[in-house]
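Contents: one structure, followed by commentary.
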Amino acid sequence: MILELVAGRIVAPYVGVSLYTWTTIIGIVLAGISLGNYGGGRLADRWASLPFLGGIFLVAGLSCFGVLLADQWSDLLLGQSIIINILVLTTVLFFLPCVILGTVSPIVAKLAVRDLSKTGSVVGKIYAFGALGSIVGTFATGFVLISWFGTYPIVWGVAVLLLVMGLLLGWGNRWRLFLIALLMIAAGSALLFNQGGVGSPCTRETNYFCIKVQEEKRDNETVRVLILDRLVHSYTSLDNPTKLVYSYEKMYAEITAYQAQHHTPLRALFIGGGGYTFPRYMEALYPDSRLDVIEIDPGVTQIAHDLLGLSRETNIVTYNQDARLFLAKKPTPTYYLIMGDAFNDFSVPYHLTTQEFNQNVRGWLADGGLYVVNIIDGVQGNFLRAYTHTLRQTFAYVYLAPTLRAWRESPRCTYVLIAGDTPLNLATLKNIDAGDGEALLARQMLAAPELEAVLNAGRVVKLTDEYAPVDQLLAPVVRGEEN
Numbered sequence: 001m002i003l004e005l006v007a008g009r010i011v012a013p014y015v016g017v018s019l020y021t022w023t024t025i026i027g028i029v030l031a032g033i034s035l036g037n038y039g040g041g042r043l044a045d046r047w048a049s050l051p052f053l054g055g056i057f058l059v060a061g062l063s064c065f066g067v068l069l070a071d072q073w074s075d076l077l078l079g080q081s082i083i084i085n086i087l088v089l090t091t092v093l094f095f096l097p098c099v100i101l102g103t104v105s106p107i108v109a110k111l112a113v114r115d116l117s118k119t120g121s122v123v124g125k126i127y128a129f130g131a132l133g134s135i136v137g138t139f140a141t142g143f144v145l146i147s148w149f150g151t152y153p154i155v156w157g158v159a160v161l162l163l164v165m166g167l168l169l170g171w172g173n174r175w176r177l178f179l180i181a182l183l184m185i186a187a188g189s190a191l192l193f194n195q196g197g198v199g200s201p202c203t204r205e206t207n208y209f210c211i212k213v214q215e216e217k218r219d220n221e222t223v224r225v226l227i228l229d230r231l232v233h234s235y236t237s238l239d240n241p242t243k244l245v246y247s248y249e250k251m252y253a254e255i256t257a258y259q260a261q262h263h264t265p266l267r268a269l270f271i272g273g274g275g276y277t278f279p280r281y282m283e284a285l286y287p288d289s290r291l292d293v294i295e296i297d298p299g300v301t302q303i304a305h306d307l308l309g310l311s312r313e314t315n316i317v318t319y320n321q322d323a324r325l326f327l328a329k330k331p332t333p334t335y336y337l338i339m340g341d342a343f344n345d346f347s348v349p350y351h352l353t354t355q356e357f358n359q360n361v362r363g364w365l366a367d368g369g370l371y372v373v374n375i376i377d378g379v380q381g382n383f384l385r386a387y388t389h390t391l392r393q394t395f396a397y398v399y400l401a402p403t404l405r406a407w408r409e410s411p412r413c414t415y416v417l418i419a420g421d422t423p424l425n426l427a428t429l430k431n432i433d434a435g436d437g438e439a440l441l442a443r444q445m446l447a448a449p450e451l452e453a454v455l456n457a458g459r460v461v462k463l464t465d466e467y468a469p470v471d472q473l474l475a476p477v478v479r480g481e482e483n
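Numbering follows the numbering used here, in which position 377 of the sequence shown is assigned residue number 377; successive positions increment by one, without gaps.
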């Protein structure tokens with residue numbers, strides 16, 4: 001179970017975390033254990049002994065070290081299909097260790113059964129203690145080990161533990177062998193890690209994400225790129241907090257300017273902090289505003305302070321909490337802008353898409369306030385229709401603006417939705433731009449008949465807490481089936 005949980009974190013930088021990721025991981029791990037159980041039973045009938053069991057543990061430990069080594073070449077295994085990538089990565093990295101570990105239980109059962117009249121109780125105890133160990137390993141890994149050590153040290157620790165168990169079970173002079181082996185393993189591993197032979201691809205690893213920060217050029221200016229698992233979440237200029245790279249951010253800037261004409265000072269709440277690009281933008285241009293951020297991962301906030309230019313003396317207030325739990329409380333205060341930036345096309349927190357959540361959001365909006373959110377979908381638009389339809393169950397006015405001119409033909413497009421209980425003054429929006437010389441939001445916003453055509457283009461689902469098949473609605477995008 002430790003390896004199974006760690007598997008999700010190790011493959012996340014390459015394929016993200018989604019229903020498909022965990023479905024594949026659980027399936028591959030179970031397949032490996034099942035094959036190991038079958039093969040272990042046959043091996044037990046022929047060679048069951050403590051030295052043989054020790055040898056199994058040694059091989060299992062070496063296979064865990066192999067996970068760390070193989071992960072260094074994971075990029076070479078990636079193709080075009082995300083589903084195939086998940087399957088190949090998980091199989092190459094974790095199938096063999098699971099097969100080997102699966103052989104242990106039948107061999108232990110063979111060695112433990114000495115009285116056939118007590119076979120049932122002996123096997124029952126083995127399975128019970130095995131399940132107890134799995135429970136302890138699951139809770140320890142999920143709640144403690146990953147946040148304390150990260151995935152690579154955990155795999156290394158499991159490998160060392162298996163090797164030590166193998167030595168203790170298999171040979172004489174056990175303590176001398178144990179000390180020698182432990183010193184050799186520690187020295188060799190330290191050398192590999194210190195020289196970069198084996199290392200995590202993450203800048204920082206948290207309970208939620210593998211966080212990476214890189215630099216690249218945008219418009220002849222160096223920006224820092226925040227990547228959570230495999231997805232780029234923000235581009236940030238350390239020297240120019242008003243620089244916006246994404247088109248949806250420029251639309252956010254225009255709707256912010258629109259609200260600033262009607263409500264001063266502004267009060268804005270951000271669902272998802274990411275690189276804090278837009279909160280920093282608002283802090284620079286609207287210094288009197290109240291700016292609050294709900295960011296579930298404290299590690300992301302820390303990275304923003306350490307590497308992405310968020311000042312320690314900022315007026316931006318961060319709440320490291322799940323947005324659903326935060327917005328379920330009594331509104332104090334209310335906001336003129338609530339901006340959602342927690343969705344992408346590979347991992348959407350479905351509990352933030354439902355009608356019940358939208359009702360919570362509405363409760364935190366001041367009179368004339370707007371809920372602005374961006375989503376990603378493809379040509380089929382299954383999620384786009386469902387999400388737009390769901391918003392309309394709560395808000396009297398819902399507007400939709402694709403960020404691309406050729407959004408109907410694009411395999412992926414980011415859409416900005418604006419919801420509220422008062423209509424927008426579209427004439428005013430035509431005179432607002434985010435500094436790029438054009439009123440992008442006004443130009444891209446769909447007219448009412450166009451929006452109705454989008455909703456009528458296919459099946460429409462209302463997303464609720466009881467029924468929110470978000471992963472299935474986005475399946476064609478995730479699988480790369482959009483044309």
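For every residue, glycine included, the Cβ atom is placed at its ideal position computed from N, Cα and C.
C-alpha gap between residue i and residue j, whole angstroms
i, j, result
"THR277", "VAL245", "10 Å"
"THR332", "ARG362", "13 Å"
"VAL461", "HIS351", "15 Å"
"TYR335", "GLY79", "44 Å"
"MET1", "PHE94", "12 Å"
"ALA401", "ASP288", "29 Å"
"THR203", "GLY299", "11 Å"
"LYS430", "TYR399", "15 Å"
"SER134", "LEU145", "14 Å"
"ARG312", "THR301", "11 Å"
"GLU438", "ILE432", "8 Å"
"SER63", "LEU19", "27 Å"
"VAL67", "VAL158", "11 Å"
"GLY41", "VAL160", "25 Å"
"ASP421", "PHE209", "36 Å"
"LEU116", "VAL29", "31 Å"
"ARG218", "THR403", "18 Å"
"LYS243", "ARG405", "22 Å"
"ASP367", "ASN382", "32 Å"
"ILE83", "ALA386", "24 Å"
"ALA447", "PRO476", "27 Å"
"SER247", "VAL15", "24 Å"
"LEU503", "ARG46", "This structure does not reach residue 503, given that the chain is present from 1 up to 483, and the question cannot be answered."
"LEU325", "SER147", "22 Å"
"SER237", "TYR281", "10 Å"
"LEU43", "VAL122", "19 Å"
"LEU285", "TYR252", "13 Å"
"THR428", "ALA442", "9 Å"
"PHE143", "PRO97", "23 Å"
Where residue i falls, given that 16 or more other Cβ within 10 Å makes a residue buried
i, result
"GLY197", "Legend: pLDDT at GLY197 = 47, less than 50; position of this residue unreliable, no value from coordinates given."
"HIS262", "exposed"
"GLU205", "buried"
"ASP229", "buried"
"GLY36", "buried"
"VAL99", "buried"
"ASN360", "buried"
"PHE357", "buried"
"SER347", "buried"
"VAL136", "exposed"
"GLU249", "buried"
"GLU450", "exposed"
"GLU4", "buried"
"LEU69", "exposed"
"ASN85", "buried"
Nearest-angstrom Cβ-Cβ length linking residue i and residue j, presumed shorter than 8 Å
i, j, result
"ASN463", "THR390", "Sequence check: residue 463 is Leu here, not Asn. LEU463 to THR390, Cβ: 4 Å. Contact."
"GLY340", "GLY272", "7 Å"
"THR90", "ILE25", "5 Å"
"ILE418", "ILE294", "That belief does not hold up - the Cβ atoms of ILE418 and ILE294 are roughly 19 Å apart, past 8 Å."
"VAL6", "THR141", "7 Å"
"ILE56", "ILE107", "7 Å"
"LEU169", "GLY39", "So it is not a contact: roughly 19 Å between Cβ atoms."
"GLY275", "HIS233", "6 Å"
"GLY166", "LEU58", "4 Å"
"ILE10", "THR151", "5 Å"
Residue(s) in a DSSP beta bridge with residue i
i, result
"PHE278", "Partner(s): none; PHE278 has no beta bridge."
"CYS210", "GLU205"
"GLU215", "ARG224"
"GLY420", "LEU370, TYR397"
"VAL232", "ILE227"
"ILE270", "Here residue 270 is Phe; the residue named in the question, Ile, does not match the sequence. DSSP, once it has assigned bridges, lists VAL293, MET339 as partnering PHE270."
"PRO476", "DSSP, once it has assigned bridges, lists no residue as partnering PRO476."
Distance cut-off 7 Å: residue i Cβ against heavy atoms of the ligand MG
i, result
"PRO411", "With respect to the ligand MG, the structure shown offers nothing to examine, as it has no ligands at all."
**Message:** Threshold first: 3 residues or longer. Then list the beta strand (DSSP E) segments lying entirely within the segment 304 to 362, N to C.
**Reply:** Under the rule that a run must span 3 or more residues, the beta strand (DSSP E) segments found entirely inside the segment 304 to 362 read 317 to 319, 335 to 340.
**Item:** Completely contained alpha helix (DSSP H) runs for the segment 36 to 81, where each covers 4 or more residues
**Value:** Taken in chain order, the whole alpha helix (DSSP H) runs of length 4 or more contained in the segment 36 to 81 are 50 to 71.
**Message:** Restricting to runs no shorter than 4 residues, where is the alpha helix (DSSP H) found entirely within the segment 82 to 158?
**Reply:** If only uninterrupted alpha helix (DSSP H) runs of at least 4 residues are considered, those enclosed by the segment 82 to 158 are 82 to 90, 96 to 102, 104 to 112, 119 to 140, 146 to 149.
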